[in-house]
Amino acid sequence: MELTHLYLGGNKTSVAGMALSQNLKQVRPDLVVDWRKQLREAKSMCVVGSVYSGSPAFKAGLLTGDSVVAFGSMQHREYKGVTESIVPIVKGSVGKPIDVVVVRVGEGAQVHQVQLTLVPQQWSGGGLLGCILK
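21 is the number of the first residue of the sequence shown in my numbering; add one for each residue after it.
Rendered as structure tokens:
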């Protein structure tokens with residue numbers, strides 16, 4: 021069996037990873053290297069119901085209707101519900117960035133993954149994020 025495809029994108033890319041793929045392509049020009057920023061086999065954990073203006077979620081770019089497929093290191097395999105899985109991450113990360121990946125329907129009904137960074141913090145509204153996850 022021979023390696024023909026290499027998926028390196030995940031939800032972030034690095035300079036070191038890009039250099040590695042360029043070196044691999046020099047040795048194996050037939051190798052397909054995919055750098056799309058996309059989580060493979062991502063499944064929805066919850067959906068954004070509302071995002072309040074001026075909130076940390078609003079500032080991060082979260083939109084009503086976004087489907088959350090990764091929240092920090094949490095993905096669907098470990099997910100048990102908003103209260104059990106996401107709330108503890110948020111409460112333990114006040115003032116610290118949390119990488120979030122959502123699936124969003126864009127122009128022309130194009131479905132794509134978007135990586136955002138949320139920073140939970142006190143703001144003029146309720147909660148630490150300022151959004152409803154359901």
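Just so it is clear, CB atoms sit at the ideal spot from N, CA and C, and this is done for glycine as well.
Whole-angstrom distance between residue j and residue i, CA atom to CA atom
i, j, result
"Glu127", "Met38", "29 Å"
"Pro49", "Ala36", "19 Å"
"Leu82", "Met94", "17 Å"
"Val89", "Ser64", "5 Å"
"Ala62", "Gly146", "30 Å"
"Phe91", "Lys100", "13 Å"
"Val134", "Pro117", "16 Å"
"Ser73", "Glu98", "30 Å"
"Asp119", "Gln46", "33 Å"
Boundaries (first-last residue) of the beta strand (DSSP E) holding residue i
i, result
"Ala90", "87-91"
"Gln135", "131-138"
"Ile106", "No beta strand (DSSP E) holds Ile106; DSSP gives it neither H nor E."
"Arg83", "Checking the sequence shown, residue 83 turns out to be Leu, not Arg. Looking at the DSSP string, Leu83 is not in any beta strand (DSSP E), and its letter there is neither H nor E."
"Leu153", "151-153"
Residues of its chain near residue i, where Cβ-Cβ distance is below 8 Å and the 5 sequence neighbours each way are ignored
i, result
"Pro76", "Leu138, Val139, Pro140, Gln141, Trp143, Leu148, Leu149, Gly150"
DSSP-derived helix/strand/coil call for residue i
i, result
"Val67", "strand"
"Gln42", "helix"
"Val114", "coil"
"Val123", "strand"
Cutoff 7 Å; reference residue i; Cβ partners in own chain excluding five residues on either side
i, result
"Val131", "Val123, Val125"
"Val70", "In the sequence as displayed, the identity of residue 70 is Ser instead of Val. Closer than 7 Å at the Cβ level, and outside the excluded window around Ser70, lie Thr84, Cys151, Ile152."
"Val114", "Pro140, Gln141, Leu148"
"Val78", "Sequence inspection shows Phe at residue 78; the Val mentioned does not correspond to that position. Hits under 7 Å: Val71, Tyr72, Gly150."
Sub-7 Å separation of residue i and residue j beta-carbons
i, j, result
"Val110", "Cys66", "no"
"Ala80", "Leu136", "yes"
Close Cβ partners of residue i (< 6 Å) along its chain, the five nearest in sequence each way excluded
i, result
"Asp86", "Val68, Val122, Arg124"
"Ile106", "Phe91"
Host alpha helix (DSSP H) of residue i (start-end)
i, result
"Lys79", "76-80"
Cutoff 7 Å: residue i Cβ touching any chain D Cβ
i, result
"Ser41", "This model lacks chain D altogether, as it is built from one protein chain only."
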